[in-house]
Amino acid sequence: MVLDYLVSLGPVNLVVMAASLVVFIYWFKSLVSLIKGAFFVGVASAIFPIAASKLFGLNVPLTLDTLISFVSLGLGLYFILMFGKTVHRVLSITNKSLSFLAKPFSGRQARKEKDPYHVEDKKKPVMKKFREEEE
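First residue of the sequence shown: 180, per my numbering; consecutive thereafter.
Here it is, written out as structure tokens:
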């Protein structure tokens with residue numbers, strides 16, 4: 180039944196369906212890992228005021244409001260961290276993909292003129308060339 184449906188799609192739609200399935204699996208895996216991380220952060224945030232009160236002797240009231248506040252704070256910080264990681268990933272991918280635009284303006288000739296220890300011959304180490312210039 181499923182094979183009949185896939186055959187009836189045609190070759191182009193089959194490729195689109197397969198690509199969509201791969202993207203969906205990747206997205207779902209990321210979502211499950213995000214939920215798993217949020218669960219662990221929530222549990223750790225709920226345990227924190229109890230541990231601070233019992234183990235360290237801090238004066239933290241152990242009420243439901245306190246636990247909810249710490250869990251909310253922990254989850255909020257976790258989602259801010261995840262958002263920052265996503266922004267960083269997007270910007271680094273954009274930087275790598277657009278870095279070819281900067282190559283014509285990289286100023287290699289200007290760097291050669293400014294750097295007195297620039298090595299033209301790759302076979303000679305920099306320090307050896309520097310010592311030869313001093314003598």
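Don't be surprised by glycine CBs; every beta carbon is placed ideally from N, CA and C.
- For Gly-236, there is no enclosing alpha helix (DSSP H), as DSSP marks it with neither H nor E.
- Rounded to the nearest whole angstrom, the CA to CA distance from Thr-273 to Gly-263 is 15 Å.
- Less than 9 Å divides the Cβ of Val-250 from the Cβ of Ala-225.
- Burial check for Gly-189: the Cβ neighbour count within 10 Å stays below 16, so the residue is exposed.
- Counting only the Cα atoms, Leu-234 lies some 19 Å from Leu-243.
- In this model, Tyr-257 and Ala-281 are separated by some 35 Å (Cα to Cα).
- Shown here, Ala-281 sits in coil according to DSSP, grouped into three states, outside any helix or strand.
- Just so you know, the alpha carbons of Leu-193 and Gly-253 end up roughly 43 Å apart.
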